[in-house]
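Visitor:
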Amino acid sequence: MSDNSQSTLLRLSQTIASLTAQVHEHLHKASQQEPDFTPNSSEIVTEGIKFETIKIALSEAARDLQLLVNGPTLRAFYGTHYDLAAHQAALKFDFFGKDSPRWDRDTLERILRLLVTPRIFHESSGNEFSHTSFHMQMDEVFQSASETAIFLRQSTSPLAATNCPFHQRFKVPIFEYYQQNPTKVARFGKALAGATKLDRNVSALRDVYDWGSIGKGLIVDVGGVDGSVSLLLAKEWPELSFVVQDSSPTLLSQGSLRLPPQYTSRFSFQEYDFFTPQLITQADLFFIRQCLHNWPDAACIKILRGFVLALENCKDGTPILINESILPRPGSGVISRSEERLMRQVDLSMLINVGARQRTEDDFHRLVKAADNRLDIVKVHSVGSMGLLEVHLFK
17 MSDNSQSTLL
27 RLSQTIASLT
37 AQVHEHLHKA
47 SQQEPDFTPN
57 SSEIVTEGIK
67 FETIKIALSE
77 AARDLQLLVN
87 GPTLRAFYGT
97 HYDLAAHQAA
107 LKFDFFGKDS
117 PRWDRDTLER
127 ILRLLVTPRI
137 FHESSGNEFS
147 HTSFHMQMDE
157 VFQSASETAI
167 FLRQSTSPLA
177 ATNCPFHQRF
187 KVPIFEYYQQ
197 NPTKVARFGK
207 ALAGATKLDR
217 NVSALRDVYD
227 WGSIGKGLIV
237 DVGGVDGSVS
247 LLLAKEWPEL
257 SFVVQDSSPT
267 LLSQGSLRLP
277 PQYTSRFSFQ
287 EYDFFTPQLI
297 TQADLFFIRQ
307 CLHNWPDAAC
317 IKILRGFVLA
327 LENCKDGTPI
337 LINESILPRP
347 GSGVISRSEE
357 RLMRQVDLSM
367 LINVGARQRT
377 EDDFHRLVKA
387 ADNRLDIVKV
397 HSVGSMGLLE
407 VHLFK
């Protein structure tokens, strides 16, 4: 048996205790309530890289401790396929709606009690089940994931928005689905705004590029949803002005309505389809964030070509900044296991929901050159879960 100085178990437990104390201290200083498992529990809100680093380290230490304590037998057999069976039943028969499915009570309770263990549901006295905060993730995207195996077995065509598990489930591409469901697209916009506040990479975005070098310039935020990211930049650089472009009038309207009055003179919102030539030809910088991973290669090439005519009319050196995840080379170790796992999950979500993918740095080089041989990536400002690539047109 290992002594205390060499015990991996004790070292991990001490790391977990120390990092948890730091999380508690952050919540106390920020006057935030601790998250719990009730339906209305809020996420921990923070900005900056430091807290994200703590969160990743805590997650990895907790996961390693669990793996060591469970041992190789349970490590190899988690029974996740039975979890998936319960999730699939819950989604297929709408356990998350108001009415319970008309099954025999014993079968229903057995499935629900498995879903209680990961806190998807809560069981109170009297065999009554209620929702928790985690049931909120059981939306249309989660439902489409349950179609993946069936889709992969049946499909022989290239992946696309019209050929992916989401389309198989709902019979329309995801973006058309949201256009047909205004309440869901409004929720989607709020979720993106919330994710922007929680995403350390948005905060890091302020530091990895010299935005001040633009001076009193115009940034075109292509596919900018409601302008949440542009607003973060506007708060830091008061000389910058922004045009937020998106194909969704609902999201643009949300952004315009939520824009603080002191920024209205520096913002405009424009409906725009980025598969068409760029409308603005006198910009100082074009910015496209988390859009290309929603589309297969052929569509991405068309999106990038849309910038070319505008860049031909802009001053030399006007950049396109592509803010996207950059998948690491396998085994490179440039990012943590937790961050790579999240990126791989997002990659699979692109396959499931839009028939697209995340990309490596080499993939982006190929896309840029395929769009126009005069385009080139001149600098990779950051890598990992939210990389930043700077592209110029050499006229």
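In the working numbering, the protein residues as written are 17 to 411.
For every residue, glycine included, the Cβ atom is placed at its ideal position computed from N, Cα and C.
All of these numbers come straight from a predicted model, not from anything done at the bench.
(1) Could you work out which residue in R222, F258, S401, D262 is closest to G240 when comparing CA atoms only?
(2) Apply the 10 Å Cβ neighbour rule to A33 and answer buried if 16 or more other Cβ atoms are within range, or exposed otherwise.
(3) Determine, using beta-carbon pairs with one atom in the stretch 267-274 and one in the stretch 336-353, whether at least three such pairs fall under 8 Å.
(4) Roughly how many whole angstroms lie between the Cα atoms of T212 and D120?
(5) If you follow the alpha helix (DSSP H) that S365 is part of, which residue opens it and which one closes it?
(6) In whole angstroms, what is the alpha-carbon distance linking L26 and F167?
(7) Could you please give me the residues that DSSP links to I304 through a beta bridge?
(8) Please classify M17: is it buried, with 16 or more other beta-carbons within 10 angstroms of its beta-carbon, or exposed?
(9) DSSP three-state call for G87: helix, strand or coil?
(10) Give the straight-line distance between the Cα atoms of L131 and R345, rounded to the nearest whole angstrom.
(11) Just the C-alpha distance for F182 and S57, rounded to the nearest angstrom, thanks.
(12) To the nearest angstrom, report how far apart F137 and D99 are at their CA atoms.
(13) Quick one: is Q159 buried, meaning 16 or more other Cβ sit within 10 Å of its Cβ, or exposed?
(14) With a cut-off of 8 Å, does the C-beta of D379 fall near any C-beta of chain C?
(15) With respect to 7 Å, is the separation between the Cβ of L131 and the closest non-hydrogen atom of the ligand ADP below this value?
(16) Pick helix, strand or coil for R345, following the three-state DSSP scheme.
(17) If you run the structure through DSSP and keep just helix, strand and coil, what is A92?
(18) Please report the distance separating the alpha-carbon of G228 from that of K395.
(19) From the DSSP output, which residues share a beta bridge with R375?
(20) Ignore the nearest five residues each way along the sequence and tell me which others in I72's own chain have a CB closer than 6 Å to its CB.
(21) Mind checking whether F290 and G243 have CB atoms under 8 Å apart?
(22) Beta strand (DSSP E) containing H138: first to last residue?
(23) Would you report the Cα separation of A102 and P134, rounded to the nearest angstrom?
(24) Could you spell out the range, first to last residue, of the beta strand (DSSP E) harbouring D392?
(25) Quick one: Cα of A177 to Cα of P265, how far?
(26) One question on the structure: do H309 and E340 come within less than 8 Å of each other, judged by their Cβ atoms?
(27) Should F410 and D392 be called a contact, given that it needs their Cβ atoms to be closer than 8 Å?
(28) Unbroken beta strand (DSSP E) runs of length 3 or more, entirely within the stretch 248-290: which are they?
(29) Looking only at C-alpha atoms, which of A46, V85, D332, Q48 sits nearest to S23?
(30) Once you ignore the five residues that flank A105 on each side, which residues in its own chain have a CB closer than 8 Å to its CB?
(31) Any chance the stretch 305-320 sits against the stretch 364-382, with 3 or more Cβ pairs inside 8 Å?
(32) If contacts are defined as beta-carbon pairs under 8 Å, then L320 and V384 qualify, I think. What distance do you get, rounded to the angstrom?
(33) Looking at the secondary structure, which residues open and close the alpha helix (DSSP H) in which F171 lies?
(34) Using only CA atoms, which one of D300, M359, H44, L367 lies nearest to V236?
(35) Could you give the first and the last residue of the continuous alpha helix (DSSP H) run that contains L295?
(36) On the three-state DSSP scale, how would you describe S401?
Guide: Answer, in terms of the structure:
(1) As a working mapping, residue 240 is identified with position 224 in the sequence shown. Closest by alpha carbon: D262.
(2) The sequence position of residue 33 within the sequence shown is 17, counting from 1. With fewer than 16 other Cβ atoms inside 10 Å of its own Cβ, A33 counts as exposed.
(3) Two segments are said to touch when three or more pairs of C-beta atoms, one from each, lie closer than 8 Å; by this definition the stretch 267-274 does not touch the stretch 336-353.
(4) For the purposes of this step, residue 212 is taken as residue 196 along the sequence shown, with counting starting at 1. For the purposes of this step, residue 120 is taken as residue 104 along the sequence shown, with counting starting at 1. With a pLDDT of only 45 at T212, under 50, the local geometry of the prediction cannot be trusted, and the value read off the model is given with reservation. Looking at the two C-alpha atoms, the distance is approximately 44 Å.
(5) Along the sequence shown, one-based indexing puts residue 365 at 349. Run containing S365: 353-370, per the alpha helix (DSSP H) assignment.
(6) Reading the sequence shown from its first residue, position 10 is the one you call residue 26. Reading the sequence shown from its first residue, position 151 is the one you call residue 167. Rounded to the nearest angstrom, the two C-alpha atoms are 45 Å apart.
(7) Position 288 of the sequence shown, counted from the start, is the residue given in the question as residue 304. According to DSSP, I304 bridges with V238, I338.
(8) Locating residue 17 in the sequence shown gives position 1, counting from the first residue. No answer about M17 holds up, because its pLDDT of 47 lies below 50 and its placement is not dependable.
(9) On the sequence shown, residue 87 is found 71 positions in, with the first residue counted as 1. Helix.
(10) Looking up residue 131 in the sequence shown gives position 115. Looking up residue 345 in the sequence shown gives position 329. If you take the alpha carbons of L131 and R345, they lie about 36 Å apart.
(11) Residue mapping note: residue 182 aligns to position 166 of the sequence shown, counting from 1. Residue mapping note: residue 57 aligns to position 41 of the sequence shown, counting from 1. F182 and S57: Cα-Cα distance of roughly 29 Å.
(12) To locate residue 137, count along the sequence shown from 1; it is residue 121. To locate residue 99, count along the sequence shown from 1; it is residue 83. Roughly 13 Å between the two C-alpha positions.
(13) Reading the sequence shown from its first residue, position 143 is the one you call residue 159. So Q159 counts as buried.
(14) Checking the listed chains, one finds no chain C in this structure; it contains a single protein chain.
(15) For the ligand ADP, the structure offers nothing, since it holds no ligand at all.
(16) Within the sequence shown, numbered from 1, the residue matching residue 345 stands at position 329. Note: R345 maps to coil in three-state DSSP.
(17) The count along the sequence shown starts at 1 and reaches residue 92 at position 76. The predicted position of A92 is uncertain, since its pLDDT is 49 and thus under 50; a value taken from the coordinates is nonetheless stated next. Residue state, collapsed to three classes: helix.
(18) What you label residue 228 is simply residue 212 of the sequence shown in a count that begins at 1. What you label residue 395 is simply residue 379 of the sequence shown in a count that begins at 1. Using only the alpha carbons, I get a separation of about 18 Å.
(19) Along the sequence shown, one-based indexing puts residue 375 at 359. Paired residues: I342.
(20) To locate residue 72, count along the sequence shown from 1; it is residue 56. Result list for I72: S352, S354, in chain order.
(21) In the sequence shown, the residue the question calls residue 290 occupies position 274. In the sequence shown, the residue the question calls residue 243 occupies position 227. 8 Å or more divides the Cβ of F290 from the Cβ of G243.
(22) In the sequence shown, residue 138 corresponds to position 122, counting from 1. Element bounds for H138: 137-140.
(23) In the sequence shown, the residue the question calls residue 102 occupies position 86. In the sequence shown, the residue the question calls residue 134 occupies position 118. Looking at the two C-alpha atoms, the distance is approximately 11 Å.
(24) Looking up residue 392 in the sequence shown gives position 376. Segment 391-398, the beta strand (DSSP E) holding D392.
(25) Along the sequence shown, read from residue 1 onward, the residue named residue 177 stands at position 161. Along the sequence shown, read from residue 1 onward, the residue named residue 265 stands at position 249. One C-alpha to the other measures close to 21 Å.
(26) The sequence position of residue 309 within the sequence shown is 293, counting from 1. The sequence position of residue 340 within the sequence shown is 324, counting from 1. Closer than 8 Å, so yes.
(27) Start at 1 with the first residue of the sequence shown, and residue 410 comes out as number 394. Start at 1 with the first residue of the sequence shown, and residue 392 comes out as number 376. Yes. Within cutoff.
(28) 257-262, 283-287
(29) The residue labelled residue 23 in the question sits at position 7 within the sequence shown. Comparing Cα positions, the closest option is V85.
(30) On the sequence shown, residue 105 is found 89 positions in, with the first residue counted as 1. If we look at A105 and ignore the five residues flanking it on each side, its Cβ neighbours are F111, I127.
(31) yes
(32) By one-based count along the sequence shown, residue 320 stands at place 304. By one-based count along the sequence shown, residue 384 stands at place 368. The beta-carbon distance between L320 and V384, rounded to whole angstroms, is 6 Å. This is short enough to meet the 8 Å contact definition.
(33) Residue mapping note: residue 171 aligns to position 155 of the sequence shown, counting from 1. Note that residue 171 is Ser in the sequence shown here, rather than Phe. Segment: none, S171 is in no alpha helix (DSSP H) and carries neither H nor E.
(34) Within the sequence shown, the letter at position 220 stands for residue 236. Considering only alpha carbons, the answer is D300.
(35) Looking up residue 295 in the sequence shown gives position 279. Neither: L295 is in no alpha helix (DSSP H) and is coded neither H nor E.
(36) Walking along the sequence shown from the start, residue 401 turns up at place 385. Correct three-state label for S401: strand.
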